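Novice: Under our numbering, the first residue of the sequence shown carries the number 12, and numbering increases by one thereafter.
Glycine included, C-beta positions come from ideal geometry on N, C-alpha and C.
Note that the coordinates shown come from a computational prediction; the quantities given were computed from them, not determined experimentally.
Questions regarding the structure given below will be posed in turn.
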Amino acid sequence: MTETKAGAVLPIEAKAIGDTGEFEGYASTYGVDQGRDRVLPGAFAASLSARPAARVKMLRDHDPQQLIGVWIAAAEDSRGLHVKGRIITETQAGREAHALMKAGALDSLSIGYRTIRHRMDRKSGERLLEVVDLREISLTGFPMNEAATVSHVKNTLHDPAQARRLVLALNRAAAALGRN
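See below:
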């Protein structure tokens with residue numbers, strides 16, 4: 012049985028977004044999301060073999076009418092699905108997404124996929140996703156994992172002291188979210 016689900020496991024830490032629109036981060040990690048789904052290591056392997064990063068769609072908020080860029084690379088590592096992408100700033104939707112991302116308003120990723128194989132962990136109540144067919148990765152402001160935020164924006168802060176203050180503020184905010 013297959014099932015389509017958008018907005019599942021989404022933690023992103025966008026390492027940077029520059030004026031070229033290039034950025035990187037985690038589209039999915041191996042933690043549990045708000046829907047009680049947990050992607051297991053290796054779940055993306057078959058999908059990425061059949062559909063390399065360039066063929067996975069980059070959308071905004073899972074809207075197929077909002078193609079905003081291209082994925083340059085996608086690979087699983089010990090933390091999750093690490094991706095590199097480029098927003099197409101020559102389009103209206105791309106320019107808007109790029110501006111929102113640089114401002115920190117569009118700060119998370121979310122995956123859209125079909126479940127190929129899963130099992131339930133009755134003890135934890137989690138659905139363990141063993142094999143998924145990755146269809147798209149969206150930039151979003153409302154991820155299933157609310158702690159999934161952009162950690163650094165390249166080329167927007169030219170004052171190192173201001174950058175340090177911003178990092179400290181973000182770390183305090185993340186710590187406060189963790190206590191809730």
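Spell out a yes or no on whether the segment 139–149 and the segment 112–121 are touching, meaning 3 or more CB-CB pairs, one atom from each, closer than 8 angstroms.
Specialist: yes
Novice: Just tell me which of Ala185, Ala187, Asn182, Met131 has its CA closest to the CA of Val50.
Specialist: Met131
Novice: List the whole-angstrom C-beta distance separating Tyr37 from His93, where the pair is believed to meet the contact cut-off of C-beta under 8 angstroms.
Specialist: 6 angstroms
Novice: So, Trp82 versus Ala65, is the Cβ gap smaller than 8 angstroms?
Specialist: yes
Novice: Classify Glu107 as helix, strand or coil using the three-state DSSP reduction.
Specialist: helix
Novice: Does DSSP put Gly36 in a helix, in a strand, or in coil?
Specialist: Reduced to three states, the DSSP call for Gly36 is strand.
Novice: Going by beta carbon distance, what residues of the same chain come within less than 7 angstroms of Ala57, once the five residues before and after it are set aside?
Specialist: Val142
Novice: Pull up the DSSP beta-bridge partners for His129, would you.
Specialist: Leu140
Novice: Given a threshold of 16 other Cβ atoms within 10 Å of its Cβ, counted over all protein chains shown, does Gly53 qualify as buried or as exposed?
Specialist: exposed
Novice: Which one of Ser135, Gly96, Ser89 has the shortest CA to CA distance from Pro63?
Specialist: Gly96
Novice: Tell me the start and end of each unbroken beta strand (DSSP E) in the segment 68–105 that is at least 3 residues and wholly inside, in chain order.
Specialist: 68–71, 74–87, 91–98
Novice: Tell me whether Ser135 sits in a helix, a strand or coil according to DSSP, three-state version.
Specialist: coil
Novice: Could you pull out every residue in the same chain whose Cβ sits closer than 6 angstroms to the Cβ of Arg106, ignoring the five residues on either side in sequence?
Specialist: Thr100
Novice: Quick one: Cα of Gln77 to Cα of Ala187, how far?
Specialist: 33 angstroms
Novice: With DSSP as the reference, label Gly189 as helix, strand or coil.
Specialist: helix
Novice: I need the boundaries of the beta strand (DSSP E) containing Arg66, first residue and last residue.
Specialist: Premise fails: Arg66 is in no beta strand (DSSP E) and is neither H nor E.
Novice: Using the beta-carbon count (16 or more within 10 Å), is Leu140 buried or exposed?
Specialist: Result: buried.
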